[in-house]
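Novice:
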Amino acid sequence: MVRQLLKSVREYKKSSFLTPLFVTFEVILEVIIPMLMAKLIDFGIEAGNMNYILKMGFALIVCCIVSLTFGALSGKHAAIASAGFAKNLRQDMYEKVQTYAFSNIDKFSSASIVTRLTTDITNIQNAYQMAIRVAVRSPIMLVFALFMAFQINAELAPIFVIAIPILAIGLSIIIYHAKNIFERVFHTYDELNNVVQENLHGIRVVKSFVREDFETEKFSNVSKIIYKDFSKAEKILAFNAPLMQFCAYGCMLLISWLGAKLIVASGNNPALGMTTGDLTSMFSYTMQILMSLMMFSMVFVMITISYASMERAAEILSEESDIHNPENPVYEIKDGSISFSHVNFQYGAHADKLCLHDVSLEIPAGSTVGIIGGTGSSKSTLVQMIPRLYDVTAGSVKVGGRDVREYDIETLRGAVAMVLQKNELFSGTIKDNLRWGDENATDEQMRYVCQLAQADDFIQNFPDGYDTYIEQGGTNVSGGQKQRLCIARALLKHPKILILDDSTSAVDTKTDALIRQAFREEIPDTTKIIIAQRISSVEDADMILVLDDGEINGIGTHAQLLENNSIYREVYESQQKGGLEE
Amino acid sequence: MRGMKPGVPLGRPKLDKVTMNRLLGYLKNYKFRFTLVLLCIVISAIAGVAGSMFLRIVIDDYIMPLLQTAAPDFSGLFQAVLTMGGIYLLGICATYLYNRNMVVISQGILKEIRDKMFAHMQRLPIRYFDTHTHGDIMSHYTNDTDTLRQMLSMSIPQMFSSIITIVAVFCAMLYTSIHLTILVLIVVFFIMKIFKFIAGQSGTYFIKQQEALGDVNGYIEEMIHGQKVVKVFCHEEKAKEIFDKKNGELCENAIRANQYANILMPIMMNLGNLQYILIAIVGGALAVNGIGGLTLGAIASFLQLSKSFSMPISQVSQQINSVVMAMAGAKRIFALLDEEVEADNGYVTLVNAKYDEAGELVECKEHTGIWAWKHPHEDGSTTYTKLTGDVRFFDVDFGYTEEKIVLHDITLYAEPGQKVAFVGATGAGKTTITNLINRFYDIADGKIRYDGININKIKKEDLRHSLGIVLQDVNLFTGTVMDNIRYGKLDATDEECINAAKLANADSFIRMLPEGYQTVLSGDGSGLSQGQRQLISIARAAVADPPVMILDEATSSIDTRTEAIVQRGMDALMKGRTVFVIAHRLSTVQNSDVIMVLEQGRIIERGDHDHLIAEKGKYYQLYTGAFELE
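So, in structure tokens, the structure goes:
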């Protein structure tokens with residue numbers, strides 16, 4: 003999994019390698035500096051040797067500058083490597099999602115894909131920077147500082163051999179216990195957020211039923227769990243600092259005691275053994291050794307926490323699109339004729355129910371087909387087979403006499419314009435949105451399709467006309483206006499097949515009729531498929547399909563179906579009784 | 031924490047005193063504990079400072095004299111080590127104590143703030159929720175509380191400890207050498223300048239990074255939500271281009287911001303080292319030339335001190351950022367807590383009632399099925415009015431803002447048991463009218479009377495208890511189906527809930543669910559169809575059994591065949607109640623007693639179906655499809 007994510011490092015490999023390298027140099031200098039400082043004290047200040055002080059001082063300044071340079075370089079490259087990695091990863095994931103078929107998107111849900119592409123990537127970026135910088139730094143620091151300690155005095159250094167395991171074991175116990183609780187706390191946090199979110203969404207319900215106190219109690223129960231768990235986890239973490247101090251102070255006391263004896267034994271003569279300067283250095287190395295261990299444990303915890311994010315990102319990358327372009331795709335579509343032959347379909351391999359069952363159907367090019375059926379009768383599913391938004395489970399769908407799976411996907415979708423039930427406009431001007439249908443459309447062409455979709459009038463009424471800015475999600479136009487804009491956008495593709503999936507539900511019957519009239523007169527060669535709730539939207543179609551529970555219940559003209567199809571008649575009558583809608 | 035944006039360190043930290051004081055006010059409940067914490071921090075810091083001086087003592091007072099003696103006696107040193115060990119032990123205990131107690135304090139305060147925030151939020155008027163996005167409100171519970179946690183449990187103790195250390199070390203330095211202390215102060219001044227510059231740069235780019243991140247995330251959100259449209263139009267390549275551009279911008283800003291943040295530590299550390307060297311050289315020169323009466327031992331110990339001086343200073347500087355961030359968070363939280371709650375001056379309450387022998391309505395404890403409005407008067411007397419569900423509007427004007435009036439001169443009568451329908455385009459004011467009945471908003475002018483009582487006099491709680499509401503957007507809560515129905519009446523028995531479900535035509539499908547009434551719904555009932563969710567919400571209103579019902583577009587998002595089933599549920603529910611219906615489909619409102627056609631906040635036509643058809647006005651046009659509703 004980690005390897006798969008690391009593929010996205012690409013051009014930032016250089017920085018990713020340079021960072022640990024510079025960190026290593028930085029650490030070496032950081033370890034050398036205390037030694038030189040000790041010498042400065044021993045042979046310079048204690049001896050009152052000004053020459054030595056200047057000489058050593060100069061050497062130290064050079065070391066500092068070099069260390070600073072390496073430190074800055076490692077910091078710079080760490081930033082480049084991690085931000086760059088995040089950029090590439092984000093790009094890779096985004097592009098992967100672009101290849102997804104509808105079924106892949108359904109599997110993850112849009113909301114979850116968005117979280118993976120945003121929050122999770124930020125977490126991974128932080129973890130990566132930590133991994134190449136701090137996670138490298140701590141062990142190297144530990145090794146070098148330990149090495150120097152042994153260099154100074156091999157008799158004192160074994161103290162660390164005792165202290166390090168004590169600290170390591172102590173930290174492990176703390177982490178082990180705290181981590182489990184923290185994981186639980188994060189879950190409870192989700193629950194808390196869920197309570198708040200539901201409350202916000204349903205605030206009108208809450209207030210109408212006067213359930214404020216009930217909700218407050220619900221919240222306070224979750225809040226109490228968080229309080230308890232968090233306190234528990236942090237109380238365990240409260241052992242961290244004292245443990246660290248215990249080890250550090252213990253080492254220092256032991257070193258002072260044993261060191262003093264050694265110094266006295268050697269007569270503070272560097273040639274014979276331990277000196278007071280060495281003692282000072284040992285103190286510095288003690289701190290470096292123990293601190294690096296502490297840092298390592300912290301980094302370890304943070305990287306483990308981000309593990310869940312890594313897993314979720316990797317899932318996006320390893321998901322393979324269910325729909326692929328064929329090997330030798332066909333780039334030409336003869337006409338807009340459609341044929342279904344014994345089509346079965348189910349969502350996902352393990353779904354226990356067939357959404358479409360043995361559907362066979364012939365639609366000649368240029369005809370108008372209406373589809374009627376209740377919710378869950380798989381009307382949308384049926385038409386989504388045509389532009390290969392989903393692939394059939396069994397049977398085949400043909401367009402222009404060829405199986406849709408033989409065509410180049412872009413060619414196929416270019417020829418089949420579909421206005422989805424859940425329509426989206428994007429932030430940008432009306433023109434920007436229309437150009438989705440045809441990037442190079444002229445103003446006249448745009449006006450023409452808008453006239454067909456009966457949208458031109460209201461667009462002209464906007465102060466900015468075709469340059470009116472549409473807010474994200476198209477919130478500043480009404481439902482009916484949005485639907486007509488979406489139809490216009492689809493028309494701009496000059497499709498051979500046009501599919502309207504319940505796309506005029508918010509448009510009044512009169513305008514609806516005008517749109518259909520325009521279709522009949524202006525695009526006679528285009529095959530038109532219209533899914534609708536209203537009988538009036540389909541009654542003049544060449545052929546009407548009644549779907550029920552994934553099966554074709556009846557095919558025929560309005561008159562035929564009224565005569566011989568009970569579902570159709572029932573729907574018709576219920577709408578007659580209720581009068582025309584809207 | 032998951033779902034959280036990384037914080038924005040600010041370039042120029044400014045502390046907000048009012049917010050700070052208010053936050054510190056929460057410490058009042060922890061007076062004893064907090065005093066203990068402060069005491070422990072002092073002990074722990076002093077133990078630390080003592081430690082850095084201990085080395086010098088060992089060398090100067092013990093090792094050096096011992097070197098002069100022929101037969102060294104280590105018992106004195108042993109004593110010193112033991113004493114120091116004692117001090118250290120005290121320090122370690124103090125460290126543990128303050129850490130542990132700080133957990134209790136900070137978690138306690140956080141819980142208090144969280145609970146207060148939510149309870150307060152429940153009492154805010156609907157207007158607040160209209161004007162604040164859910165995302166913004168949510169972030170009070172996540173981001174803002176989290177920065178507060180960081181500050182309380184980490185920044186405050188650490189800063190306090192650092193400051194104590196700085197003061198202690200500074201005194202020790204002054205005691206050792208005034209000359210060198212001045213030198214240190216000058217150097218520290220420059221170090222702080224450099225720190226401020228880098229932190230400022232980093233802060234500026236962090237803000238840019240946040241903006242770029244918001245931009246990229248916003249784009250991702252829009253595109254992914256519209257991904258199916260992208261696919262249908264083969265717009266993938268175009269979308270990628272824009273994405274790459276935004277992504278590249280983000281990367282550049284992120285690199286800059288993190289670069290500055292990353293180089294801060296190495297620079298601070300090495301500047302500390304340089305200061306050390308500078309003191310060594312200057313101190314050495316002074317001592318060798320006999321200026322300032324410095325001894326060699328004093329310089330060595332001063333050097334040690336200067337090292338423990340620069341560390342806490344950079345620590346404090348780093349903590350300041352997180353404190354500033356927490357203050358910003360606290361300010362937002364307090365802003366929520368300061369929001370004015372829904373005003374309620376009502377004093378008329380809803381009580382159980384029965385008729386006594388004289389046929390007078392009197393209050394009683396037990397549930398009788400009869401409700402009455404208890405109306406205390408100024409002269410001390412109390413009258414009881416039977417709850418019947420008679421709602422009247424007199425010349426009501428209303429606007430969401432003062433400048434824009436959306437309802438003009440609305441006068442209407444709904445007698446008990448009548449069905450009143452509102453028809454009109456989006457924005458005509460249909461929903462607004464119903465929002466006034468349950469006082470989600472208060473009217474600007476005119477009067478609304480409920481059973482003859484001005485609704486401003488009725489306690490909001492009791493007013494809303496007497497009204498049932500079914501909305502177009504169904505909101506279900508995480509929990510079982512039974513829990514969701516019981517939401518209408520918390521003390522309803524299972525049987526009552528099931529009866530309500532039967533009434534709403536929901537019983538049969540609920541029984542088909544895997545666990546029946548015990549099926550757990552989550553994510554707003556995502557496993558159910560729109561129609562099924564609506565049926566549950568109707569059952570929920572049914573179990574509350576209110577005399578007045580408001581049905582706001584309850585069947586708009588359901589197809590006509592399912593609607594027939596839902597409609598039967600609603601018809602059963604409407605029987606014997608005063609009902610206000612808002613509907614898109616005229617079929618739903620046809621059989622109403624009165625239909626009001628609204629246009630731009632005014633009632634332009636009223637009457638029953640036949641009457642309005644005969645009138646051949648707007649309603650007629652709508653009915654025959656000659657006119658469009660949007």
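Note that the protein sequences, when read in sequence, are chains A and B. Counting from 1, position 273 in the first sequence corresponds to residue 275 in this note's numbering; the numbering is continuous, with no gaps. Counting from 1, position 605 in the second sequence corresponds to residue 635 in this note's numbering; the numbering is continuous, with no gaps. Backbone N, C-alpha and C fix where the C-beta goes; we use that ideal spot for every residue, glycine too.
Under 8 Å Cβ-Cβ, which residues of chain B neighbour residue 344 of chain A?
Specialist: Under the 8 Å cutoff, chain B gives no residues; its nearest Cβ is about 26 Å from residue 344 of chain A.
Novice: Exposed or buried, residue 302 of chain B, counting other C-beta atoms within 10 Å across all chains shown (16 or more means buried)?
Specialist: That one is buried.
Novice: Using a Cβ cut-off of 9 Å, pull out every chain A residue sitting near residue 226 of chain B, in sequence order please.
Specialist: Under the 9 Å cutoff, chain A gives no residues; its nearest Cβ is about 18 Å from residue 226 of chain B.
Novice: Between the alpha carbons of residue 518 of chain A and residue 500 of chain A, how many angstroms are there, rounded?
Specialist: Looking at the two C-alpha atoms, the distance is approximately 12 Å.
Novice: How close, in whole Å, do the beta carbons of residue 450 of chain B and residue 616 of chain B come, if the pair is a contact with beta carbons under 8 Å?
Specialist: So it is not a contact: roughly 15 Å between Cβ atoms.
Novice: Quick one: which chain A residues come within Cβ less than 7 Å of residue 129 of chain B?
Specialist: Those within 7 Å of residue 129 of chain B in chain A are 240, 243.
Novice: Pull up the distance between the alpha-carbon of residue 516 of chain A and that of residue 455 of chain B, whole angstroms please.
Specialist: So the two alpha carbons sit approximately 21 Å from each other.
Novice: Is it true that the stretch 254 to 274 of chain B meets the stretch 315 to 322 of chain B, where meeting means three or more beta-carbon pairs spaced less than 8 Å apart?
Specialist: Verdict: no, contact absent.
Novice: Around the C-beta of residue 495 of chain B, are 16 or more other C-beta atoms found within 10 angstroms, so that it is buried, or is it exposed?
Specialist: By the 10 Å Cβ count, residue 495 of chain B comes out buried.
Novice: Per DSSP, what are the beta-bridge partners of residue 669 of chain B in this structure?
Specialist: No answer is possible for residue 669 of chain B: the residues shown for chain B start at 31 and end at 660.
Novice: Looking at the C-beta of residue 582 of chain A, does it have a partner C-beta in chain B at a distance below 9 Å?
Specialist: Caution applies to residue 582 of chain A, whose pLDDT of 41 falls short of 50 and renders its modelled position unreliable; the value that the coordinates give is listed next. Chain B contact via Cβ: present.
Novice: Is the beta carbon of residue 360 of chain B closer than 9 Å to that of residue 161 of chain B?
Specialist: Cβ atoms of residue 161 of chain B and residue 360 of chain B: not closer than 9 Å.
Novice: List, from N- to C-terminal side, the alpha helix (DSSP H) runs of 4 residues or more that fit wholly inside the stretch 463 to 513 of chain B.
Specialist: Correct list: 490 to 495.
Novice: Beta carbons nearer than 8 Å to chain A: which residues of the stretch 260 to 280 of chain B have them?
Specialist: Answer set for the stretch 260 to 280 of chain B: 260, 261, 262, 263, 264, 265, 266, 268, 269, 270, 273, 274, 277, 278, 280.
Novice: Let me know if residue 503 of chain A comes out buried or exposed under the rule of 16 or more other beta-carbons within 10 Å of its beta-carbon.
Specialist: It is buried - the Cβ of residue 503 of chain A has at least 16 other Cβ atoms within 10 Å.
Novice: Can you list, in chain order, the residues of the stretch 522 to 546 of chain B whose Cβ is nearer than 8 Å to any Cβ on chain A?
Specialist: Residues passing the 8 Å Cβ filter: none.
Novice: Measuring straight from C-alpha to C-alpha, what distance separates residue 379 of chain B and residue 236 of chain B?
Specialist: Each residue's Cα considered, the two are about 55 Å apart.
Novice: Interface residues of chain A around residue 81 of chain B at Cβ under 8 Å?
Specialist: Going along chain A in sequence order, the residues near residue 81 of chain B (Cβ under 8 Å) are 251, 254.
Novice: In chain order, what residues of the same chain lie with their CB nearer than 6 Å to the CB of residue 1 of chain A, ignoring the 5 residues before and after it?
Specialist: In the structure as shown, chain A begins at 3 and stops at 584. Residue 1 of chain A is therefore absent and cannot be evaluated.
Novice: Return the residues of the stretch 281 to 296 of chain A that lie within a Cβ-Cβ distance of less than 8 Å from chain B, sorted by chain order.
Specialist: Here the close residues are 281, 282, 285.
Novice: What would DSSP say about residue 324 of chain B, mapped onto helix, strand or coil?
Specialist: Coil, per DSSP.
Novice: At 8 Å on the CB atoms, spell out the chain A contacts of residue 565 of chain B, in chain order.
Specialist: Those within 8 Å of residue 565 of chain B in chain A number zero; the least Cβ separation is about 13 Å.
Novice: What is the DSSP secondary structure of residue 362 of chain A, reduced to helix, strand or coil?
Specialist: Of the three classes helix, strand and coil, the one that applies to residue 362 of chain A here is strand, per DSSP.
Novice: Start and end of the alpha helix (DSSP H) containing residue 259 of chain A?
Specialist: From DSSP, the alpha helix (DSSP H) with residue 259 of chain A extends over 242 to 268.
Novice: In angstroms with no decimal places, state the Cα-to-Cα distance between residue 244 of chain A and residue 118 of chain B.
Specialist: Taking the straight line joining both Cα atoms gives about 10 Å.
Novice: DSSP three-state label for residue 529 of chain A, please.
Specialist: It is a strand residue.
Novice: Using 8 Å as the threshold, is the stretch 305 to 316 of chain A in touch with the stretch 470 to 487 of chain A, meaning 3 or more CB pairs across them?
Specialist: With the cut-off at 8 Å, the stretch 305 to 316 of chain A and the stretch 470 to 487 of chain A do not touch.
Novice: Starting from residue 471 of chain A, follow its DSSP beta bridges and name the residues at the other end.
Specialist: Bridge partners of residue 471 of chain A: A:431.
Novice: From this set, B:152, B:493, B:200, which residue's C-alpha is nearest residue 371 of chain B's C-alpha?
Specialist: That would be B:152, whose Cα lies nearest to the Cα of residue 371 of chain B.
Novice: Taking the alpha helix (DSSP H) that residue 458 of chain A belongs to, which residues open and close that run?
Specialist: Residue 458 of chain A -> alpha helix (DSSP H) spans 458 to 463.
Novice: If you measure beta-carbon to beta-carbon, which residues of the stretch 405 to 422 of chain A are closer than 7 Å to chain B?
Specialist: Answer in chain order: 412, 415, 416, 420, 422.
Novice: Relative to the alpha-carbon of residue 48 of chain A, which residue among A:522, A:270, A:440 has its alpha-carbon at the smallest distance?
Specialist: Checked all of A:522, A:270, A:440; the closest Cα to residue 48 of chain A is A:270.
Novice: Helix, strand or coil: which one does DSSP assign to residue 574 of chain B?
Specialist: Helix, per DSSP.
Novice: Suppose the cutoff is 6 Å on Cβ atoms and the five residues either side in sequence are ignored; what does the same chain contact list for residue 422 of chain A look like?
Specialist: Excluding residues within five positions, the ones whose Cβ falls inside 6 Å are 503.
Novice: Using the Cα positions of residue 562 of chain B and residue 596 of chain B, report the straight-line distance between them to the nearest angstrom.
Specialist: Going from the Cα of residue 562 of chain B to the Cα of residue 596 of chain B covers about 9 Å.
Novice: What is the residue span of the beta strand (DSSP E) that residue 452 of chain B lies within?
Specialist: Element bounds for residue 452 of chain B: 449 to 454.
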